[in-house]
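Asks:
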Amino acid sequence: MTPALNEVIHAPNRLRICAFLSTVEQAEFGVIRDMLEVADSVASKQLKVLEEAGYVTLSKPTGRGRVKTWVALTAHGKAAYQEHVAALKALIEG
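Using the working numbering, you'd call the opening residue of the sequence shown number 319 and step up by one each time.
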């Protein structure tokens, strides 16, 4: 079976988010926003799309001080990202 491009992941910012999250256990929202060099609202919108697809989880652990949002790639998201990368490689290799 040929791997398929994933329209949810394929958007540039979402692809960058998935690529970044595939290398770490989790990342703080501000780190992702800064990596993308976008406003909070843009990063939030992209993460919401990924969350609705079941590709990332967002958590806000309670504790002292300012509550930060943490983002992690789910197993489903990791598999979808890997398939998308395989589809891109197949496309490039012809």
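For every residue, glycine included, the Cβ atom is placed at its ideal position computed from N, Cα and C.
Given the structure is predicted, the values throughout are model-derived calculations rather than measurements.
Could you spell out where the beta strand (DSSP E) holding Leu391 opens and where it closes?
Replies: The residue you call residue 391 lines up with position 73 of the sequence shown. Segment Trp388 to Leu391, the beta strand (DSSP E) holding Leu391.
Asks: In angstroms, rounded to a whole number, what distance separates the CA positions of Thr392 and Asp358?
Replies: To locate residue 392, count along the sequence shown from 1; it is residue 74. To locate residue 358, count along the sequence shown from 1; it is residue 40. Those two C-alpha atoms are separated by around 22 Å.
Asks: What's the C-alpha gap between Glu401 and Val367?
Replies: Looking up residue 401 in the sequence shown gives position 83. Looking up residue 367 in the sequence shown gives position 49. Cα to Cα, Glu401 sits roughly 18 Å from Val367.
Asks: So, is Arg332 buried or exposed, given that buried needs 16 or more other C-beta atoms within 10 angstroms?
Replies: Reading the sequence shown from its first residue, position 14 is the one you call residue 332. Per the 10 Å Cβ criterion, buried.
Asks: Note down the Cα distance separating Lys407 from Leu365, rounded to an integer number of angstroms.
Replies: Counting from one through the sequence shown, the residue named residue 407 turns up at place 89. Counting from one through the sequence shown, the residue named residue 365 turns up at place 47. Taking the straight line joining both Cα atoms gives about 25 Å.
Asks: What are the start and end residues of the beta strand (DSSP E) that includes Tyr377?
Replies: In the sequence shown, counting from the first residue as 1, residue 377 sits at position 59. A small fix is needed here, since residue 377 is Ser in this sequence, not Tyr. Where Ser377 is concerned, the enclosing beta strand (DSSP E) stretches over Val374 to Ser377.
Asks: Give me, in chain order, the residues of the same chain whose beta-carbon lies closer than 8 Å to that of Gly395; leave out the 5 immediate sequence neighbours on both sides.
Replies: Here residue 395 refers to the residue found at position 77 of the sequence shown. Within the same chain, Gly395 has close Cβ partners Cys336, Leu339, Leu368, Ala371, Gly372, Tyr373 and Val374.
Asks: Is it right to say Ile327 is buried, meaning 16 or more other beta carbons lie within 10 angstroms of its own, or is it exposed?
Replies: Here residue 327 refers to the residue found at position 9 of the sequence shown. Answer is buried; the Cβ neighbour count reaches 16.
Asks: Tell me the DSSP bridge mates of Ala345?
Replies: Within the sequence shown, numbered from 1, the residue matching residue 345 stands at position 27. Answer by DSSP bridge pairing, in chain order: Val389.
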